[in-house]
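Q:
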Amino acid sequence: MPDGYLELSNVQVGFAVALILINATISITLRLGLERRLLIAAARTVAQLVLVGLVLDRVFAWQSWYAVGSLALVMTWIAGVSAVRRTERRHPGIWIDSILAVWVSAWLISGVALAAASGGGQAWYHPQYSIPVIGLVLGNTLNGVSLGLNRLGDELSSGRERVESLLALGATRWEAARGPIREASRTGMIPMINAMMVVGIVSLPGMMTGQLLAGIRPAEAVKYQIVIMFLVASATALGTVGVVLLTYRRLFNAEHQFLHRRIQHAAENL
0 MPDGYLELSN VQVGFAVALI LINATISITL RLGLERRLLI AAARTVAQLV
50 LVGLVLDRVF AWQSWYAVGS LALVMTWIAG VSAVRRTERR HPGIWIDSIL
100 AVWVSAWLIS GVALAAASGG GQAWYHPQYS IPVIGLVLGN TLNGVSLGLN
150 RLGDELSSGR ERVESLLALG ATRWEAARGP IREASRTGMI PMINAMMVVG
200 IVSLPGMMTG QLLAGIRPAE AVKYQIVIMF LVASATALGT VGVVLLTYRR
250 LFNAEHQFLH RRIQHAAENL
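Start counting the sequence shown at 0; every next residue gets the next number (numbering that gives the first Met the number 0).
#1: Pick from L166, V231, Q210: whose alpha carbon is nearest that of A194?
#2: What is the C-beta distance between A234 and A105, in whole angstroms, given that I count them as a contact (C-beta under 8 Å)?
#3: Helix, strand or coil for L269, going by three-state DSSP, please let me know.
#4: Considering only the beta carbon of each residue, do I164 and A82 sit closer than 8 Å?
#5: Note down, in chain order, each residue of its chain lying with its Cβ closer than 8 Å to the Cβ of R57, except the 5 sequence neighbours on either side.
#6: Using the three-state DSSP reduction, which class does Q224 fall into: helix, strand or coil?
#7: Assuming N143 and G187 make a contact with CB atoms under 8 Å, what is their CB distance in whole Å?
#8: If you measure between the beta carbons of V101 and A78, is that distance less than 8 Å?
#9: What separation, rounded to the nearest whole angstrom, lies between the Cα atoms of A46 and G110?
#10: So what does DSSP say about G89, is it helix, strand or coil?
#11: Which whole-angstrom value describes the C-beta separation of P179 and E160, a residue pair presumed to lie in contact below a C-beta threshold of 8 Å?
#12: Beta carbon of Y223, beta carbon of M206: below 8 Å?
#13: Spatial neighbours of L269 within its chain, please: C-beta separation below 7 Å, excluding the five flanking residues on both sides.
#14: Where do the N-terminal and C-terminal ends of the alpha helix (DSSP H) with E34 fall, by residue?
#15: Please report the straight-line C-alpha distance between V73 and V136, rounded to a whole angstrom.
#16: Determine whether the beta carbon atoms of D96 and T246 lie at a separation below 8 Å.
#17: Exposed or buried, what is E267 when buried is set at 16 or more other beta-carbons lying within 10 Å of its beta-carbon?
#18: Could you tell me the alpha carbon to alpha carbon distance between S270 and F251, rounded to whole angstroms?
#19: By the 10 Å Cβ neighbour count, where 16 or more other Cβ atoms means buried, how is L324 classified, buried or exposed?
#20: When the distance is taken between beta carbons, is A122 closer than 8 Å to F257?
#21: DSSP three-state call for V240: helix, strand or coil?
#22: Taking C-alpha atoms, which residue in Q11, G238, R43, L31 lies nearest to L107?
#23: Between the beta-carbon of S184 and the beta-carbon of I262, is there less than 8 Å?
#24: Please report how far the alpha carbon of H255 lies from the alpha carbon of A170, in whole angstroms.
#25: Taking the alpha helix (DSSP H) that G79 belongs to, which residues open and close that run?
#26: Am I right that G147 and E87 are in contact with their C-beta atoms under 8 Å? What's the rounded C-beta distance?
#27: So the alpha helix (DSSP H) I133 belongs to, where does it begin and stop?
#28: With H, G and I counted as helix, E and B as strand and the rest as coil, what does DSSP make of V201?
#29: Report the partner residues of Q11 according to the DSSP bridge assignment.
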């Protein structure tokens, strides 16, 4: 381990876990009704992180491309599914569109980064680099995809009359849907832009914080974080625009008709 690295004991981790009681107390005091969700979220957090730790131990020990590739495929599928589960309005094919948008954008950008790293003598599938990069890119991309999908559904549903009026007046499907597409793409990209505006000033990103805690020199940690921020921003933009355009093709046919009946409301899942 790097010099200066502080290894946490199980007692210290348990103390941090117990801090969730603060959230529970606030929920009970204000009658927010979030106690059950907090309990489930806390349990899932611990279980998921412990499980991924065990899996990564094996992947790091194998040092093989098929182990890294298999794990990346599972992560991609979960990211695509999670993006849809956060949306309130869905349509036929939304699951495929989400997984496809996340997969293409995240793997393309991560592939470019890992290919560049392999030029320095490091194999692209080295789990120490490939898994964190893919994980960070996927996590942020799914947020953009989810926000874009949700906003596009809202815009098209609430603005149905306007869209259909434009089509009735002779507008093409692109001209009628251009406004909602623009708003959905903007919504998916803004959180990443906001994060870039204040990074290093208001907050230190997770990757940089982890490296600092591990004893890495601040100057080196900054370099890695700069690379990650731009990788994430690029993948988020590609994923958001990609899923918005795929949805547009699902909801407007070649005869320039708005297939509004395909949009269905779905209750938010935990």
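Note that beta-carbon positions come from the ideal geometry of N, C-alpha and C, so glycine has one too.
A: In short, the structure shows the following:
#1: The residue among L166, V231, Q210 with its C-alpha nearest the C-alpha of A194 is V231.
#2: Here A234 really is in contact with A105; their C-beta atoms are around 5 Å apart, less than 8 Å.
#3: Below a pLDDT of 50, predicted positions are generally treated as unreliable, and L269, at 40, falls in that range; the measurement from the model is reported next regardless. The three-state secondary structure of L269, taken from DSSP, is coil.
#4: Reading the sequence as shown, one finds Ser at residue 164 and not Ile. It is not a contact, given that the beta carbons lie outside the stated cut-off.
#5: Annotation for R57: A66 place their beta carbon closer than 8 Å to its own, counting only its chain and skipping 5 residues before and after.
#6: Per DSSP, reduced to three states, the secondary structure at Q224 is helical.
#7: Going by the sequence as given, residue 143 is Gly instead of Asn. About 4 Å separates the beta carbon of G143 from that of G187, a gap short enough to meet the 8 Å contact definition.
#8: Taking 8 Å as the Cβ cut-off, V101 and A78 qualify as a contacting pair.
#9: Cα-Cα distance, rounded: 29 Å.
#10: The question names Gly, yet the displayed sequence has Arg at residue 89. In the structure shown, R89 sits in a strand (DSSP, three-state: E or B).
#11: About 13 Å separates the beta carbon of P179 from that of E160, a gap too long to meet the 8 Å contact definition.
#12: It is a contact, given that the beta carbons lie within the stated cut-off.
#13: Residue confidence for L269 is low, a pLDDT of 40 falling below 50, so the modelled location carries little weight and cannot support an answer.
#14: Its alpha helix (DSSP H) spans residues 34-61.
#15: If I take the Cα positions, the gap works out to 14 Å.
#16: The answer is yes: Cβ separation under 8 Å.
#17: Note that E267 has pLDDT 44, beneath the 50 cutoff, so the model's placement of it is unreliable and the number below is only indicative. Its Cβ having fewer than 16 others within 10 Å, E267 is exposed.
#18: For residue 270 there is no data in the structure shown, the boundaries of the chain being 0 and 269.
#19: There is no way to answer for residue 324, as the model of the chain reaches only from 0 to 269.
#20: Taking 8 Å as the Cβ cut-off, F257 and A122 do not qualify as a contacting pair.
#21: The DSSP-derived three-state label of V240 is helix.
#22: In this structure, G238 is the residue among Q11, G238, R43, L31 with its C-alpha nearest to the C-alpha of L107.
#23: No, the Cβ-Cβ distance between S184 and I262 is not below 8 Å.
#24: Rounded to whole angstroms, H255 to A170 spans 8 Å at the Cα level.
#25: Here the alpha helix (DSSP H) through G79 covers 64-84.
#26: About 13 Å separates the beta carbon of G147 from that of E87, a gap too long to meet the 8 Å contact definition.
#27: Boundaries of the alpha helix (DSSP H) around I133: 126-157.
#28: Here V201 sits in coil by DSSP.
#29: For Q11, which the question treats as bridged, DSSP gives no partner whatsoever.
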